[in-house]
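Remarks on the structure that follows.
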Amino acid sequence: MSLANRWRRFRSAEGWRWLTMVAAIAVGLVAAWLHWAGLFLGGALVGLASATRGRALLAGLGFGVLVVAIFVTTLFVGGDLAQYLAMGQIVAISLALPPVVAAFAALSRWLV
0 MSLANRWRRF RSAEGWRWLT MVAAIAVGLV AAWLHWAGLF LGGALVGLAS
50 ATRGRALLAG LGFGVLVVAI FVTTLFVGGD LAQYLAMGQI VAISLALPPV
100 VAAFAALSRW LV
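Structural data, given as structure tokens:
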């Protein structure tokens, strides 16, 4: 049995798929906290843990939105949100980039 067939069988078990998704999100968040390339890793992991290709793309987008939400929350808690929002156009890029990067990385699901 090939690795792709084993992975397909693993993804078909709903309990394992949810456990894998939670682990992928946790690993991706830690990696994204350490380095921006963690967005690629997290997006790819949640994409690979998804049952279908469409869900993989949505999971990658959702992971990126979660990263942005956590980032904005940390800015708010630290009291730096007003200064961040005053930076201008760079704010739009820094808010749009994580969902786009994570969704792009989730396209790795098309390979398996």
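By the count of numbering that gives the first Met the number 0, the sequence shown reaches residue 111 at its end, each step adding exactly one.
Each residue gets a CB set at the ideal place from its N, CA and C atoms; glycine is no exception.
Task: Whole-angstrom distance between residue 44 and residue 99, CA atom to CA atom - done: Those two C-alpha atoms are separated by around 15 Å.
Open item on the list: Please report the straight-line C-alpha distance between residue 40 and residue 27, rounded to a whole angstrom.
Closed with: So the alpha carbons of these two residues sit roughly 6 Å apart.
TODO: Could you tell me whether the Cβ atoms of residue 104 and residue 46 are closer together than 8 Å?
DONE: One thing to note: residue 104 has its Cβ within 8 Å of the Cβ of residue 46.
Open item on the list: Between the alpha carbons of residue 90 and residue 63, how many angstroms are there, rounded?
Closed with: Rounded to whole angstroms, residue 90 to residue 63 spans 15 Å at the Cα level.
Open item on the list: Please report the distance separating the alpha-carbon of residue 76 from that of residue 68.
Closed with: If I take the Cα positions, the gap works out to 12 Å.
Task: Which of helix, strand or coil DSSP assigns to residue 20 - done: In the three-state reduction of the DSSP assignment, residue 20 falls in the helix class.
Open item on the list: Taking the alpha helix (DSSP H) that residue 109 belongs to, which residues open and close that run?
Closed with: Membership of residue 109 in any alpha helix (DSSP H) is not indicated, and neither H nor E is assigned to it by DSSP.
Open item on the list: Which same chain residues end up closer than 8 Å to residue 56 when comparing Cβ atoms and leaving out the 5 residues on each side of it in sequence?
Closed with: Within the same chain, residue 56 has close Cβ partners 46, 102, 105, 106 and 108.
- [ ] To the nearest angstrom, report how far apart residue 59 and residue 29 are at their CA atoms.
- [x] So the two alpha carbons sit approximately 16 Å from each other.
Task: Distance CB(residue 16)-CB(residue 10) smaller than 8 Å - done: A contact, by the Cβ cut-off of 8 Å.
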